[in-house]
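So the structure is just underneath, and the comments pick up after that.
There are 2 protein chains.
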Amino acid sequence: LRHVSDDQKTHKNPSLRAQGPPTRSPTKSHTPSPTSPKNSPQQSHAPVLELEGKKWRVEYQEDKNDLVITNTELKQVAYIFKCNKSTLQIKGKINSITIDNCKKFGLVFDNVVGIVEVINSRDIQIQVMGKVPTISINKTEGCHIYLSEESLDCEIVSAKSSEMNILIPQDGDYKEFPVPEQFKTAWDGSKLVTEPAEIVG
Amino acid sequence: LRHVSDDQKTHKNPSLRAQGPPTRSPTKSHTPSPTSPKNSPQQSHAPVLELEGKKWRVEYQEDKNDLVITNTELKQVAYIFKCNKSTLQIKGKINSITIDNCKKFGLVFDNVVGIVEVINSRDIQIQVMGKVPTISINKTEGCHIYLSEESLDCEIVSAKSSEMNILIPQDGDYKEFPVPEQFKTAWDGSKLVTEPAEIVG
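Residue numbers (the working numbering), protein chains in the order written: chain A, 543 to 743; chain B, 543 to 743.
Next comes the structure, spelled out in structure tokens:
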């Protein structure tokens with residue numbers, strides 16, 4: 543197992559533990575603006591952080607490390623889409639969180655009663671402060687999950703993903719454990735038997 | 543388990559058991575031809591089926607169901623690249639076979655002493671007539687592997703893939719078994735334990 547250096551630790555890394563005030567100002571929804579073409583060939587979208595009905599939408603955030611959602615309610619969900627090099631903290635207790643199409647994104651949350659889902663993403667860091675029953679990782683390369691003492695019973699469901707690591711709190715520090723991403727399947731005479739392929743630690 | 547109908551069976555499917563003569567004629571290597579643009583926006587490449595040193599190159603084949611390689615030697619490898627809606631039969635004994643970036647591609651082979659690798663592909667069918675120690679599937683959606691009695695000890699190594707099935711010969715027919723593609727990982731107090739998530743059969 544690889545030792546986790548200080549700058550990789552979420553709990554010692556201020557950029558992953560943003561404590562700034564809620565950034566609620568960019569209320570404009572993302573709409574393509576064909577009338578104002580940019581130099582970049584990619585379409586640019588206005589960043590979103592807003593509560594729409596019972597859904598917190600966090601979209602198109604770039605280089606924002608002080609995103610915070612407070613005043614959460616149990617029935618609310620958070621949907622994080624196309625955020626890049628940003629960090630979001632969600633306080634309180636929320637139903638579920640989805641991270642979709644994000645890169646270099648950090649999520650810190652207190653409690654989720656349903657599921658945290660990561661899909662089609664890359665280089666994601668998640669820190670659980672309280673509890674969560676399930677974290678699902680799908681089509682994602684690079685996902686570090688920092689569990690709390692309270693969330694050690696969390697189940698990680700993974701598919702079509704790589705470079706996943708679970709960080710377990712130990713002696714006031716974290717120890718990193720890789721999640722298997724390659725599997726061996728063989729016929730045992732009556733059924734297929736599948737097990738993780740050897741992990742080179 | 544799903545029953546395999548006759549038209550899905552490689553051994554009853556002439557398109558997967560091509561017996562035609564070797565198609566060695568297209569010897570031209572693949573080079574982009576900017577001087578002859580096609581209607582299609584995609585670049586078109588001349589199909590390749592040739593022995594280059596000890597490597598059989600099979601590239602850019604489209605809608606060819608009678609591709610055959612004979613006169614193989616143990617030191618030779620086969621590299622199949624960007625073939626679409628085609629079927630290749632490799633007779634004899636060969637070191638290894640790689641299927642890279644292919645779609646709707648069928649491979650029938652006698653014996654491989656090393657490994658058969660499928661990477662970055664979609665809708666692949668492989669039929670083993672003799673023996674092979676290992677078949678590796680990486681970043682692939684849809685891979686059916688028909689094993690022979692002799693190759694029942696074959697090990698399937700999979701990563702970042704989905705819709706994989708192994709077909710086991712039984713009573714003169716095949717029975718299909720899905721390869722797990724989703725896994726559950728949990729902390730047991732001292733280490734991570736990973737097992738296949740429930741397969742809905």
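For glycine and all other residues, C-beta sits at the position ideal for the given N, C-alpha and C.
It should be emphasised that the depicted structure is a prediction, and the values quoted were computed from it without experimental measurement.
### Message
Under 9 angstroms, CB to CB, which of the residues in the region 691-709 of chain A have a partner in chain B?
### Response
Of all residues in the region 691-709 of chain A, only Leu-694, Asp-695, Cys-696, Glu-697, Ile-698, Val-699, Ser-700, Ala-701, Lys-702, Ser-703, Ser-704, Met-706 and Ile-708 place a beta-carbon less than 9 angstroms from a beta-carbon of chain B.
### Best match in A/Lys-635, A/Pro-720, A/Ser-586 and A/Met-671 for proximity to B/Thr-736 [C-alpha to C-alpha]
Taking only the C-alpha atoms, the option nearest B/Thr-736 is A/Pro-720.
### Task
State the CB to CB distance for the pair A/Thr-682 and A/Ile-661, rounded to an integer number of angstroms; the pair is presumed to be in contact (CB under 8 angstroms).
Contact between A/Thr-682 and A/Ile-661 holds: CB atoms are separated by about 7 angstroms, below the 8 angstroms threshold.
### Query
Which ranges would you report for the beta strand (DSSP E) in the region 642-701 of chain A if only whole runs of at least 3 residues count?
You should have 645-654, 657-661, 664-670, 676-680, 683-688 and 697-701.
### Query
Are three or more beta carbon pairs between the region 704-713 of chain B and the region 682-691 of chain A nearer than 8 angstroms?
Touching, no.
### Message
If you reduce the DSSP assignment to three classes, tell me which class B/Asp-605 lands in.
### Response
Note: B/Asp-605 maps to coil in three-state DSSP.
### Task
Could you check what DSSP says for A/Gly-714 in three-state terms: helix, strand or coil?
Coil, per DSSP.
### One or two residues paired with A/Ser-704 in a DSSP bridge
Answer is A/Glu-683.
### Query
Tell me which same chain residues have a C-beta within less than 7 angstroms of the C-beta of A/Gly-656, skipping the five on either side of it?
Around A/Gly-656: Asn-637 and Ser-638.
### Task
Determine the closest residue to B/Trp-598 out of B/Gly-714, B/Lys-627, B/Val-619 and B/Ile-666, with distance taken between C-alpha atoms.
With distances taken between Cα atoms, B/Trp-598 lies closest to B/Val-619.
### Message
Against chain B, does A/Thr-736 count as a neighbour if the rule is that its beta carbon must be under 8 angstroms from one of theirs?
### Response
Taking Cβ atoms only, chain B reaches closer than 8 angstroms to A/Thr-736, which makes this a yes.
### Message
Which residue wins for smallest C-alpha separation from B/Ser-704, given the options B/His-686, B/Ile-622, B/Glu-723 and B/Ser-693?
### Response
It is B/Glu-723.
### Query
Cβ of B/Cys-696 versus every heavy atom of the ligand ATP: is any distance shorter than 7 angstroms?
In the structure on display, the ligand ATP does not appear, and there are no ligands present to speak of.
### Task
For A/Leu-649, I'd like the list of residues in its chain whose CB is within less than 6 angstroms of its CB, leaving aside the five on either flank, ordered along the chain.
Leu-630 and Ile-668, listed in sequence order.
### Task
Locate the beta strand (DSSP E) running through A/Ala-588, then write down its first and last residues.
A/Ala-588 -> no beta strand (DSSP E), and no H or E assigned at all.
### Message
For chain A, check one thing: does any of its Cβ atoms lie closer than 8 angstroms to the Cβ of B/Gln-712?
### Response
No, B/Gln-712 lies away from the interface with chain A (no Cβ there is under 8 angstroms from its Cβ).
### Query
Between the region 675-687 of chain B and chain A, which residues of the former have CB atoms less than 7 angstroms from a CB of the latter, in chain order?
Cβ contacts with chain A: none found.
### Task
List the residues of chain A that B/Pro-722 touches, going by C-beta distances under 9 angstroms, in chain order.
Result: Phe-725, Thr-727, Leu-734 and Thr-736.
### Query
Where does A/Thr-736 fall in DSSP's three states?
Three-state DSSP puts A/Thr-736 in a strand.
### Message
Quick check: is the beta carbon of B/Ala-739 nearer than 8 angstroms to any beta carbon in chain A?
### Response
By the rule that beta-carbons nearer than 8 angstroms mark a contact, B/Ala-739 touches chain A.
### Query
Comparing alpha-carbon positions, which option in B/Arg-664, B/Met-671 and B/Asp-642 lies nearest B/Asn-653?
B/Asn-653 has its Cα closest to that of B/Met-671, out of B/Arg-664, B/Met-671 and B/Asp-642.
### Message
Nearest by alpha-carbon distance to B/Ile-622: which of B/Val-674, B/Glu-740 and B/Ile-611 is it?
### Response
B/Ile-622 has its Cα closest to that of B/Ile-611, out of B/Val-674, B/Glu-740 and B/Ile-611.
#### Entry: A/Phe-719 at chain B interface by Cβ criterion, 8 angstroms
Chain B, which has a Cβ nearer than 8 angstroms to the Cβ of A/Phe-719, makes this yes.
### Task
With DSSP as the reference, label A/Thr-727 as helix, strand or coil.
Three-state result, A/Thr-727: strand.
### Task
Would you kindly report the start and end of the unbroken beta strand (DSSP E) that includes B/Thr-629?
If you look at B/Thr-629, you'll find it in the beta strand (DSSP E) that goes 626-636.
#### Entry: Bridge partners - B/Lys-597, DSSP secondary structure assignment
Beta-bridge pairing links B/Lys-597 to B/Glu-594 and B/Val-619.
### Query
Relative to the C-alpha of A/Lys-646, which residue among A/His-686, A/Thr-676, A/Ala-588 and A/Leu-734 is closest?
Of the residues A/His-686, A/Thr-676, A/Ala-588 and A/Leu-734, the one whose Cα lies closest to the Cα of A/Lys-646 is A/His-686.
### Query
Hey, is A/Arg-559's beta-carbon within less than 8 angstroms of any beta-carbon in chain B?
Note that A/Arg-559 scores 48 on pLDDT, short of 50, meaning its location in the model is unreliable; the coordinates nonetheless yield the value given after this. Chain B contact via Cβ: absent.
### Query
Straight-line CA distance for B/Glu-692 to A/Ser-732?
Whole-angstrom Cα-Cα distance: 15 angstroms.
#### Entry: Inter-residue CB distance, B/Asn-607 and B/Ser-628 (contact presumed, cutoff 8 angstroms)
Sure, about 6 angstroms apart at Cβ, within 8 angstroms.
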